[in-house]
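Asker: Counting in the numbering used here, the sequence shown tops out at residue 301, every number present.
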Amino acid sequence: MGESILGEKSSGDQHQEADGPYGWELILDLHDCDLEGVGREELKRYFDLLCSNYLKMEPCDLHFWDDEGVPEDEKQTDPKTKGISAVQFIITSNVTIHTLPELRKVFLNVFSCQEFPADRIAEYSRGFFGGKMAKLSYITRI
160 MGESILGEKS SGDQHQEADG PYGWELILDL HDCDLEGVGR EELKRYFDLL CSNYLKMEPC
220 DLHFWDDEGV PEDEKQTDPK TKGISAVQFI ITSNVTIHTL PELRKVFLNV FSCQEFPADR
280 IAEYSRGFFG GKMAKLSYIT RI
């Protein structure tokens, strides 16, 4: 048994042994990306290829957060928030992405209850956005 952040005993390790992992999550930071021309349509294409070729799951709802249709005086100006964020839902899974053109960075999270090829997804993403892998984490969720 481990100790939780609250100082209490946690049975997380026993749960994992009994039931196996609930899922896996890839956390990927890409830097020096070429985001010129990357809009909603390109991100939709990215998600479609990711789901069909790597996750082997059918995409469900796709939601965007960006400045499309926003009055000029209400648009984001901070480079950390100026870009496109999107969530692609896939049954009990999801892919979340934040593209920041002025910083030339992409932040990606892929969560699935089905194991997936994290290294291949990281390489696909690096190639799609033309960037360099700055940080990659692959964790098991219990």
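In this text, a Cβ means the ideal position worked out from N, Cα and C, and glycines have one as well.
Could you check the C-alpha separation between glutamine 175 and valine 269 for me, to the nearest Å?
Answerer: The predicted position of glutamine 175 is uncertain, since its pLDDT is 49 and thus under 50; no value can be drawn from it.
Asker: With three or more C-beta pairs closer than 8 angstroms as the rule, is the segment 183-196 touching the segment 272-283?
Answerer: Yes, since at least three Cβ pairs between the segment 272-283 and the segment 183-196 fall closer than 8 angstroms, the two stretches touch.
Asker: Look up lysine 215 in the DSSP assignment and say whether it is helix, strand or coil.
Answerer: In this structure, lysine 215 counts as coil in the three-state DSSP scheme.
Asker: Could you have a look at tyrosine 297 and say whether DSSP puts it in helix, strand or coil?
Answerer: In this structure, tyrosine 297 counts as strand in the three-state DSSP scheme.
Asker: By Cβ distance below 7 angstroms, which residues in the same chain neighbour alanine 293 in space, the five residues on each side in sequence not counted?
Answerer: Here the set comprises Asp188, Leu189, His190.
Asker: Taking DSSP's pairing of strands, which residues face glycine 182 in a bridge?
Answerer: In the DSSP output, where bridge partners are listed per residue, glycine 182 has Arg300.
Asker: Grab the span of the alpha helix (DSSP H) containing phenylalanine 129 for me, first residue to last.
Answerer: Lying outside 160 to 301, the shown extent of the chain, residue 129 is not represented and no answer is given.
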